[in-house]
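Engineer: Before I ask anything, here is the structure I am working with.
Protein chains in written order, with my numbering: chain A, 34 to 172; chain B, -2 to 169.
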């Protein structure tokens, strides 16, 4: 079991786009994952306010959901996104890092169902939530 | 009644291209992903220029699903903003230099965005076009499709809802 978490971690950390965004996998295991992303001026979506672009959040949430699937005890290997929906509740506060937490709450032989939340320093008010379906591969 | 003489082509082209350039190049994240827009009249096509840092699965390799989502969303917001502002760009009310500096020019905000991943994104350039299903006073619904080598074989499509910029509340 521990090996799988190590493998999932190595896989996530080898993703070129995860490196480009500066993603840090802070927790992984048993169908759950947490990722943190430092504030980065290159990712600004509104230059007047300095708010991070929603697209960067999408990439982060997608990565976090994929990591949660791979770490699930019933997942034999890799995964790919089938569909992902993101709801944007509010703008992330400029200057703060963003944290995402994903849970793979159900898995079958072929499909994994995942939910995720993104927050900034004010962890009581989500910045965005995601829900999606992922493939289950390598079985 | 004589029809007014049309503006010289270069004037029209310059005005539209300068406005589009300001809209796109002023956003750091669009530069980070290296997305450009190809304009034919009022029709826009987003172009995601491939780079190694866009890879999500280094073993296949394939584009990162989040990059695909971001590319679709950027194409949706830019297309919606462009159509929303186009009459005011044409009338000269909005000038290219004002687009990202004038506080009164505001952009649609994403409410939600859903992406269907149809096949894996290949490690090469991708294209996307957005279609506005409906744009009302408060909300808009936009559909986007993305393809690579063959337009008939989409690798992703998406639908999003947007909150349109509200006119300032008049006092009194």
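All C-beta atoms, glycine included, are put in the ideal place defined by N, C-alpha and C.
Along the region 65 to 95 of chain A, where does the CB come closer than 9 Å to a CB of chain B? Name the residues.
Structural biologist: 73, 74, 75, 76, 77, 78, 79, 80, 81, 85, 86, 87, 88, 89, 90, 91, 92, 93, 94, 95
Engineer: Just curious, the beta strand (DSSP E) that residue 126 of chain B is in, first and last residue?
Structural biologist: 123 to 132
Engineer: The beta strand (DSSP E) with residue 62 of chain A in it runs from where to where?
Structural biologist: 57 to 62
Engineer: Can you list the residues of chain A that residue 124 of chain B reaches, using a CB-CB cut of under 8 Å?
Structural biologist: Ordered by position in chain A, no residue passes the 8 Å Cβ test against residue 124 of chain B, which lies about 17 Å from the chain.
Engineer: Using a 10 Å radius around the Cβ and a threshold of 16 neighbouring Cβ atoms, would you call residue 184 of chain B buried or exposed?
Structural biologist: In the structure displayed, chain B extends from -2 to 169; residue 184 of chain B sits before or after that span and is not available.
Engineer: Could you give the DSSP three-state label for residue 81 of chain B: helix, strand or coil?
Structural biologist: The answer is helix: DSSP assigns residue 81 of chain B an H, G or I state.
Engineer: Per DSSP, which residues does residue 56 of chain B bridge with? Please list them.
Structural biologist: Under DSSP, residue 56 of chain B takes part in no beta bridge, so it has no partner.
Engineer: Would DSSP call residue 70 of chain A helix, strand or coil?
Structural biologist: strand
Engineer: Could you have a look at residue 111 of chain A and say whether DSSP puts it in helix, strand or coil?
Structural biologist: coil
Engineer: Measure the C-alpha to C-alpha separation of residue 159 of chain A and residue 2 of chain B and round it to an integer number of angstroms.
Structural biologist: 55 Å
Engineer: Terminal residues of the continuous alpha helix (DSSP H) containing residue 91 of chain A?
Structural biologist: 87 to 103
Engineer: Of all Cβ atoms in chain B, is any one closer than 8 Å to the Cβ of residue 116 of chain A?
Structural biologist: At a cut-off of 8 Å between beta carbons, residue 116 of chain A contacts chain B.
Engineer: Enumerate in chain order the residues of its own chain whose CB-to-CB distance from residue 120 of chain A is below 8 Å, with the five nearest sequence positions on each side excluded.
Structural biologist: 161, 162, 163
Engineer: Determine whether the Cβ of residue 81 of chain B lies closer than 8 Å to any Cβ atom of chain A.
Structural biologist: Contact with chain A is absent for residue 81 of chain B, since none of that chain's Cβ atoms lies less than 8 Å from the residue's Cβ.
Engineer: From residue 115 of chain A to residue 127 of chain B, what distance separates their C-alpha atoms?
Structural biologist: C-alpha separation (whole angstroms): 20 Å.
Engineer: Counting beta carbon pairs with one atom in the region 43 to 61 of chain B and one in the region 48 to 60 of chain A, are three or more of them shorter than 8 Å?
Structural biologist: Here the region 48 to 60 of chain A lies against the region 43 to 61 of chain B, with 3 or more beta-carbon pairs under 8 Å apart.
Engineer: Going by alpha carbons, who is nearest to residue 36 of chain B out of B:25, B:26, B:21?
Structural biologist: For residue 36 of chain B, the nearest C-alpha among the options comes from B:21.
Engineer: Across which residues does DSSP place residue 119 of chain A in a beta bridge pair?
Structural biologist: A:163, B:110
Engineer: Give a yes or no on whether 8 Å exceeds the smallest Cβ distance from residue 53 of chain A to chain B.
Structural biologist: Taking Cβ atoms only, chain B reaches closer than 8 Å to residue 53 of chain A, which makes this a yes.
Engineer: Would you call the region 99 to 114 of chain B and the region 24 to 31 of chain B touching, i.e. three or more CB-CB distances under 8 Å?
Structural biologist: Contact between the region 99 to 114 of chain B and the region 24 to 31 of chain B is absent, because fewer than three Cβ pairs lie under 8 Å.
Engineer: Taking DSSP's pairing of strands, which residues face residue 139 of chain A in a bridge?
Structural biologist: A:146
Engineer: Considering only their Cβ atoms, is the gap separating residue 76 of chain A from residue 95 of chain A smaller than 8 Å?
Structural biologist: No.
Engineer: Mapping DSSP to helix, strand and coil, what is residue 39 of chain A?
Structural biologist: helix
Engineer: Residues bridged to residue 154 of chain B by DSSP?
Structural biologist: B:113, B:142, per the DSSP bridge assignment.
Engineer: Which residues does DSSP list as the beta-bridge partners of residue 133 of chain A?
Structural biologist: DSSP output for residue 133 of chain A lists A:68, A:151 as bridge partner(s).
Engineer: If you drop the 5 nearest sequence neighbours on each side, which residues of the same chain put their C-beta closer than 8 Å to that of residue 133 of chain B?
Structural biologist: Within its own chain, the residues whose Cβ lies closer than 8 Å to the Cβ of residue 133 of chain B, once the five positions on either side in sequence are excluded, are 161, listed in chain order.
Engineer: Is residue 41 of chain B near residue 65 of chain B, with beta carbons less than 8 Å apart?
Structural biologist: No. Outside cutoff.
Engineer: Name, going along the chain, the residues of the region 51 to 70 of chain B whose beta-carbon falls closer than 7 Å to a beta-carbon of chain A.
Structural biologist: 51, 52, 53, 55, 61, 62, 63, 64, 66, 67, 70
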